[in-house]
Amino acid sequence: MVSPGGWPSRRALRARRLSPGYAMTSDLLRRTRRLIVLGILSVLGHAAHAEGRLRIADQFGIAYLPLYVAQAQGLIQKHGKAAGIDIQVEYIRLSGGAAINDALLAGQIDIGSAGLGPLFTLWDRTRGKQDVKGVASLGNFPYYLVTTNPDVRTLADLGPKDRIAVPAVGVSVQARLLQFAAARQWGDAAYDRLDAWTVALPHPDAAAALIKGGTEITAHFGNPPFQEQVLAANPRARILLDSYDLLGGPSTATALYATTRFREDNPKTYAAFVAALDEAARFIQDNREAAADIYLSVSGARTPRDLLLAVLAKPEIEFLTTPQRTLTLGRFLHRVGALRHAPVSVTDYFFDAPHTRGGS
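Each residue of the sequence shown is one higher than the one before, starting from 16 at the first, in our numbering.
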């Protein structure tokens, strides 16, 4: 008998133990398997950590515009050449922090972009192992919890008949902010009171569900520009919760993160990425119309250009690489037991660098 992987099954091996030559065959088999595994790990390790190769996962929404700009303008390659290295860059579109985290741990990407929730989760779980930390903030963006249920006027009105769309249940920054809001409303012991009514849905699909109606989705904790699309297209839509109100002002909700090994093994590639991100952020701040066109081109979104420009013109939207007001959420997650380790400072969960030291 043979196992699905091609190796003899345990039952077959047990049957052979009394047969002549079994010991020799078994030893040879173990040595062969060990050599194959070591060879594969050697190849994979070289591929995953070779200078000059960068795989980045982005998602849906304006928060990821700096990555779209870097892609459209070849900024990572530009800064790589300035450092004397040619960088091959691959962009991978995923949805939800859970998918980003899985891809990063599996070695399928080098840098992930997601909300603070997934970053905190991975930082907490990989301490002493892969040691995942934040690379930079993608900026400050207000995230709205929007509902179309006429019976829901406050958070306390949400009930079993509601379905709240978030990118990833229990992990995404929207899911964590909802827990933070629940704790504020009913106390820390009830922080997960609304979790049972959340469902995982990509932002474009969730926005479409609220605009068209006729689905089980009655609320969406989204991000720009999807939340603005819903508010503009459905007169019944209204804001139940603003993340800025929850966190005390403009705050980072989305960040980039990587393993410590990737950062240490690829110093030039990593530095080129950070420099490109900073240039992209400055470009967006100074060139809103050109940035809007890049967003539409790279994302393939059908967002009305006028609405996109209106969103980008909001003073509360800031493209910065320095994290702001992130520690509040991290301390809350530790307090309710979602994190085993308590974050004390920003550089606990972000790599120590000039653009992160002044963060909060």
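Glycine included, every Cβ here is placed at the ideal spot set by N, Cα and C.
GLN103 sits exposed, since fewer than 16 C-beta atoms from the chains shown fall within 10 Å of its C-beta. Ranked by how close their Cα comes to the Cα of ASN116, the residues PHE298, LEU90, THR371, TRP138 have TRP138 in first place. Bridge pairing for ARG70: GLU105 [DSSP]. Within 10 angstroms of the beta-carbon of ASP73 lie 16 or more other beta-carbons, which makes it buried. The segment 236 to 252 and the segment 323 to 331 touch, with three or more beta-carbon pairs separated by less than 8 Å. Between the alpha carbons of ALA353 and VAL150 lies a gap of roughly 22 Å. Looking only at ASP220, GLY122, GLN194, ILE77, the smallest Cα-Cα distance to PHE156 is reached by ILE77.
In the DSSP assignment, ILE126 falls within the unbroken beta strand (DSSP E) covering 126 to 130. The residue from PRO282, SER312, ARG355 with its alpha-carbon nearest to that of ALA368 is PRO282. LEU225 and TYR310 have their C-alpha atoms roughly 23 Å apart.
Setting aside the 5 residues that flank it on each side, ASP101 is surrounded in the same chain by GLY67, GLN92, GLY95, each with a C-beta closer than 8 Å to its C-beta; the list follows chain order. Counting only unbroken stretches of 3 or more residues, the beta strand (DSSP E) elements lying wholly within the segment 148 to 219 are 159 to 162, 179 to 181, 213 to 215, in sequence order.
Under the DSSP definition of a beta bridge, GLU333 partners with ASN155. In the three-state reduction of the DSSP assignment, HIS235 falls in the strand class. Annotated three-state conformation of ARG355 is coil, per DSSP.
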